[in-house]
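Asker:
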Amino acid sequence: QGGANMSLRCLVFVSNKPPSDTDIFRWCDNFTERHYNAYRKKRAGVTTAPKPHEPVGFFTIKHAAQMSGSCRLTVPVLCKYITMKLIRADERQQSSFSSFNSNQLHIR
């Protein structure tokens with residue numbers, strides 16, 4: 028696959044501090060949308076805020092050249108930082124991270 032046609036999966040995490048170690052996200056390196064939906068279903072009855080290593084959103088960017096995607100977070104979350112874990116959706120599973128300060132935005 029060429030880079031322009033490669034799709035990407037993205038998991039979204041939230042926290043009040045920047046992640047100190049990206050290894051906390053390693054447990055979901057191979058997540059697909061099906062894995063994410065099963066995880067959210069399992070966590071559906073939990074009323075506590077998600078921990079920094081627990082995903083709160085998932086989306087797919089169909090073409091890497093597009094670099095545009097959106098997701099609806101499953102629960103309203105008050106946070107200071109948003110971390111996105113980008114996962115290549117091909118056999119060479121490579122991950123990268125981006126972290127953004129949400130300036131105390133209420134993300135819905």
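What the sequence shown shows, in the numbering used here, is residues 28 to 135, in sequence order. Heads up, the beta-carbon is just placed ideally off N, CA and C, and yes, glycines get one too. As the structure is a computational prediction, the values presented were derived from the model and not from experiment.
#1: Can L100 and V73 be called in contact, C-beta distance under 9 Å?
#2: For A76 and V104, what's the separation of their Cα atoms in angstroms?
#3: Please work out which residues of its chain come closer than 7 Å, Cβ to Cβ, to I51, disregarding the five sequence neighbours upstream and downstream, and give them in chain order.
#4: Could you compute how far the alpha carbon of S86 sits from the alpha carbon of C98?
#5: Applying the criterion that 16 or more other CB atoms from any shown protein chain within 10 Å of the CB defines a buried residue, is S47 buried or exposed?
#6: Looking at the secondary structure, which residues open and close the alpha helix (DSSP H) in which R61 lies?
#7: Taking the alpha-carbon positions, what's the C55 to H62 distance?
#8: In the structure shown, what three-state DSSP assignment does R99 receive?
Answerer: On the basis of the data shown:
#1: no
#2: Roughly 7 Å between the two C-alpha positions.
#3: Answer for I51: P79, H80, listed in chain order.
#4: First, the residue type needs correcting, since residue 86 is Phe and not Ser in the sequence shown. C-alpha separation (whole angstroms): 5 Å.
#5: exposed
#6: In the DSSP assignment, R61 falls within the unbroken alpha helix (DSSP H) covering 60-70.
#7: 9 Å
#8: coil
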